[in-house]
Amino acid sequence: MLEVRPFIRSDRDGLAALANRHIAAVLPGGGVPIASLLSQLERDAHEPIVDPWVSDRHTVVAVNRDHLVGAAHLKRYGTDERISESYRNFGEIVWIVFDPLEQDAGRAVIDAAMAHLTSWGVREWGADGNLPCLGVYGIPDAWRHVEQVVRSAGFDDEGGQIEVVFAGDLARIDPPGAAPIDGLAVRRVVGPLGTSFEADLDDTVVGVFEVEDFYGITNASLTRWADEGNHWVHPDHRRQGIGSWLFQHGCEWLRLGGKDRLLAYAVERWASGAVPTEGTAAEWARYYERFGLQPITRTRRGWHRSPTAPAPST
Numbered sequence: 001m002l003e004v005r006p007f008i009r010s011d012r013d014g015l016a017a018l019a020n021r022h023i024a025a026v027l028p029g030g031g032v033p034i035a036s037l038l039s040q041l042e043r044d045a046h047e048p049i050v051d052p053w054v055s056d057r058h059t060v061v062a063v064n065r066d067h068l069v070g071a072a073h074l075k076r077y078g079t080d081e082r083i084s085e086s087y088r089n090f091g092e093i094v095w096i097v098f099d100p101l102e103q104d105a106g107r108a109v110i111d112a113a114m115a116h117l118t119s120w121g122v123r124e125w126g127a128d129g130n131l132p133c134l135g136v137y138g139i140p141d142a143w144r145h146v147e148q149v150v151r152s153a154g155f156d157d158e159g160g161q162i163e164v165v166f167a168g169d170l171a172r173i174d175p176p177g178a179a180p181i182d183g184l185a186v187r188r189v190v191g192p193l194g195t196s197f198e199a200d201l202d203d204t205v206v207g208v209f210e211v212e213d214f215y216g217i218t219n220a221s222l223t224r225w226a227d228e229g230n231h232w233v234h235p236d237h238r239r240q241g242i243g244s245w246l247f248q249h250g251c252e253w254l255r256l257g258g259k260d261r262l263l264a265y266a267v268e269r270w271a272s273g274a275v276p277t278e279g280t281a282a283e284w285a286r287y288y289e290r291f292g293l294q295p296i297t298r299t300r301r302g303w304h305r306s307p308t309a310p311a312p313s314t
């Protein structure tokens, strides 16, 4: 018999197993320790700006014959003036996961989640798949069962963002050669997200490649992985090899640190609906393919539903 109820601590093993099945379908070899998952239920250290704005949290699970087969984690953001207006009195399903063979559990979990959002009286509802693991966010294309349930509950991503995630083996990337143009120098500095490699030309930064490589500190499954944080070249200096040169410098640094896998990203559609002006997803794919990276995930972000929207017909 299917039971839907609030999460209790004894659910932790079943919840971690279910979450890791979903993570492994997005990131090769990826997973999340039980401690990290439980920590997210209490406070999300990966969201240092917006998480302090959260006023309430709630996690619901579905259990069938003593097996945890579905779960969702919710947040409500506060209403005081320190909170960004777009988040004020906003409620979201941070993630929803369920066994694809347990469709009833998926529907029951999202029904319970929406009932709880209703009880909070928030002005708007959001949905995501933001499990605490590198590269897992939005609703990835490998989670078709989740997308189906979220859509059937009346959520849509019409105003959301579509991103493509690439992955590759750092061993396939050549070391950087000489600077592609005279007078260009590389400078390694602390960046806003991680370690940043800047292309300096006449004391002006004309390009950046930034990497984050500290995920393995709290998650052993991510020890080999690094993440692209920022990558850009000034429009006046594009197509001169600067971006590739910076990319190779960053990858050489990661190899020295024992990393051998890299994630990179491309925006297919911005949340505004605009097509990226700094290269389409197809152009980024050709760029990354030169270094042996391949697309592994296409994910949709920014799912929303109005609390007053009518229930979709079935």
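Counting along the sequence shown from 1, when you hit position 232 you're at 232 in the numbering used here, and nothing is skipped either side. Heads up, the beta-carbon is just placed ideally off N, CA and C, and yes, glycines get one too.
Determine which residues share a DSSP beta bridge with Lys-75 and list them. In the sequence shown, the residue the question calls residue 75 occupies position 75. DSSP, once it has assigned bridges, lists Arg-57, Glu-92 as partnering Lys-75.
Note the first and the last residue of the continuous alpha helix (DSSP H) segment covering Asn-130. If you number the sequence shown from 1, residue 130 lands on position 130. Run containing Asn-130: none; DSSP gives neither H nor E here.
Given this structure, state the Cα-to-Cα distance separating Glu-102 from Gly-138, to the nearest angstrom. The residue you call residue 102 lines up with position 102 of the sequence shown. The residue you call residue 138 lines up with position 138 of the sequence shown. Rounded to whole angstroms, Glu-102 to Gly-138 spans 21 Å at the Cα level.
Terminal residues of the alpha helix (DSSP H) in which Phe-247 lies: Locating residue 247 in the sequence shown gives position 247, where the first residue counts as 1. First-last of the alpha helix (DSSP H) with Phe-247: 242 to 256.
Applying the 10 Å Cβ sphere with the 16-neighbour rule, what's the burial state of Glu-3? Walking along the sequence shown from the start, residue 3 turns up at place 3. Burial call: exposed.
Would you list the residues sitting across from Gln-294 in a DSSP beta bridge? Along the sequence shown, one-based indexing puts residue 294 at 294. When DSSP reads this structure, Gln-294 sits in a beta bridge with Ala-167.
Neighbourhood of Leu-293 by C-beta, 8 Å cutoff - its chain only, sequence neighbours within 5 removed: Taking the first residue of the sequence shown as position 1, residue 293 is located at position 293. Cβ neighbours of Leu-293 beyond the five flanking positions: Phe-166, Ala-167, Gly-168, Leu-262, Ala-264.
Supposed close pair Gly-207, His-234 - CB separation, criterion 8 Å: As a working mapping, residue 207 is identified with position 207 in the sequence shown. As a working mapping, residue 234 is identified with position 234 in the sequence shown. With a Cβ gap of about 7 Å, Gly-207 and His-234 count as contacting.
Which first and last residues belong to the beta strand (DSSP E) in which Thr-204 is found? As a working note, residue 204 is residue 204 in the sequence shown. Thr-204 -> beta strand (DSSP E) spans 204 to 212.
Could you tell me which residues DSSP puts in a beta bridge with Glu-3? Within the sequence shown, numbered from 1, the residue matching residue 3 stands at position 3. Within the DSSP bridge table, the entry for Glu-3 names Val-63 as partners.
Who are Leu-201's beta bridge partners in DSSP? Here residue 201 corresponds to residue number 201 of the sequence shown, with the count starting at 1. BP columns for Leu-201 point to Leu-184, Thr-204.
Quick check on the burial criterion: 16 or more other C-beta atoms within 10 angstroms. Buried or exposed for Thr-59? Counted from its first residue, the sequence shown places residue 59 at position 59. Buried: at least 16 other Cβ atoms inside 10 Å.
Residue-chain proximity (Pro-235, chain B), Cβ-Cβ < 8 Å: Protein chains in the displayed structure number just one, and chain B is not present.
Is the segment 241 to 260 touching the segment 130 to 145 in the sense that three or more CB pairs, one from each, lie closer than 8 Å? At 8 Å Cβ cutoff, the stretches do not touch.
Taking Cβ positions, are Val-149 and Ile-93 nearer each other than 8 Å? For the purposes of this step, residue 149 is taken as residue 149 along the sequence shown, with counting starting at 1. For the purposes of this step, residue 93 is taken as residue 93 along the sequence shown, with counting starting at 1. No.
Considering Cα atoms alone, identify which of Gly-183, Glu-198, Ile-181 is closest to Val-189. For this step, residue 189 is matched to residue 189 along the sequence shown. The candidate whose alpha carbon is nearest that of Val-189 is Glu-198.
If you count every other CB in all the chains shown that lies within 10 Å of the CB of Glu-210, and 16 or more means buried, which is it? Taking the first residue of the sequence shown as 1, we reach residue 210 at position 210. Buried.
For Leu-15 and His-22, I'd like the C-alpha separation in whole angstroms. As a position in the sequence shown, residue 15 is number 15, starting the count at 1. As a position in the sequence shown, residue 22 is number 22, starting the count at 1. Computed Cα separation, rounded: 11 Å.
Taking only the alpha-carbon atoms, compute the straight-line gap between Gly-302 and Trp-125 and give it to the nearest angstrom. Taking the first residue of the sequence shown as 1, we reach residue 302 at position 302. Taking the first residue of the sequence shown as 1, we reach residue 125 at position 125. Roughly 10 Å separates the two Cα atoms.
Could you round the C-beta distance between Gly-135 and Leu-193 to whole angstroms and report it? I think they count as a contact, below 8 Å. Here the question's residue 135 lines up with position 135 in the sequence shown. Here the question's residue 193 lines up with position 193 in the sequence shown. Contact between Gly-135 and Leu-193 does not hold, since their C-beta atoms are separated by about 15 Å, which reaches or exceeds 8 Å.
Cβ-based burial, Thr-204 [other Cβ within 10 Å; buried from 16]: As a position in the sequence shown, residue 204 is number 204, starting the count at 1. By the neighbour-count rule (16 or more Cβ atoms within 10 Å), Thr-204 is not buried but exposed.
Closest to Gln-40 by C-alpha separation, out of Gly-91, Arg-12, Ala-108, would be which residue? To locate residue 40, count along the sequence shown from 1; it is residue 40. Ranking Gly-91, Arg-12, Ala-108 by Cα distance to Gln-40 puts Arg-12 first.
Where Arg-261 sits in the DSSP three-state scheme: Numbered from its first residue, the sequence shown carries residue 261 at position 261. Reduced to three states, the DSSP call for Arg-261 is strand.
Rounded separation between Asp-99 and Ile-34 - CA only: As a first step, residue 99 is located in the sequence shown; it is residue number 99 there, counting from the start. As a first step, residue 34 is located in the sequence shown; it is residue number 34 there, counting from the start. About 18 Å.
Given this structure, state the Cα-to-Cα distance separating Ala-112 from Tyr-77, to the nearest angstrom. Here residue 112 refers to the residue found at position 112 of the sequence shown. Here residue 77 refers to the residue found at position 77 of the sequence shown. If you draw a straight line from the Cα of Ala-112 to the Cα of Tyr-77, it is about 19 Å long.
Closer than 6 Å by C-beta to Arg-187: which residues in its own chain qualify, once you throw out the five before and the five after it? Chain order, please. Your numbering for residue 187 matches position 187 in the sequence shown. Cβ neighbours of Arg-187 beyond the five flanking positions: Glu-198, Asp-200.
Selected residue, minimal CA-CA separation from Leu-246, among Ala-105, Ala-178, Ala-266: Position 246 of the sequence shown holds residue 246. Taking only the C-alpha atoms, the option nearest Leu-246 is Ala-178.
Nearest residue (CA-CA) to Gln-161, options Ala-309, His-304, Ser-10: To locate residue 161, count along the sequence shown from 1; it is residue 161. Distances from the CA of Gln-161 to each of Ala-309, His-304, Ser-10 were compared; the closest alpha carbon is that of His-304.
Whose C-beta lies closer than 7 Å to the C-beta of Gly-29 among residues of the same chain, with five residues either side of it excluded? Here residue 29 is taken as the residue at index 29 of the sequence shown, counted from 1. Cβ neighbours of Gly-29 beyond the five flanking positions: Ser-221.
CA-to-CA distance, Gly-70 to Leu-18, given in whole angstroms: Position 18 of the sequence shown, counting from 1, holds the residue named residue 18. Position 70 of the sequence shown, counting from 1, holds the residue named residue 70. Leu-18 and Gly-70 have their C-alpha atoms some 8 Å from each other.
Quick one: Cα of Gly-257 to Cα of Pro-176, how far? In the sequence shown, the residue the question calls residue 257 occupies position 257. In the sequence shown, the residue the question calls residue 176 occupies position 176. Their backbone Cα atoms lie some 16 Å apart in a straight line.
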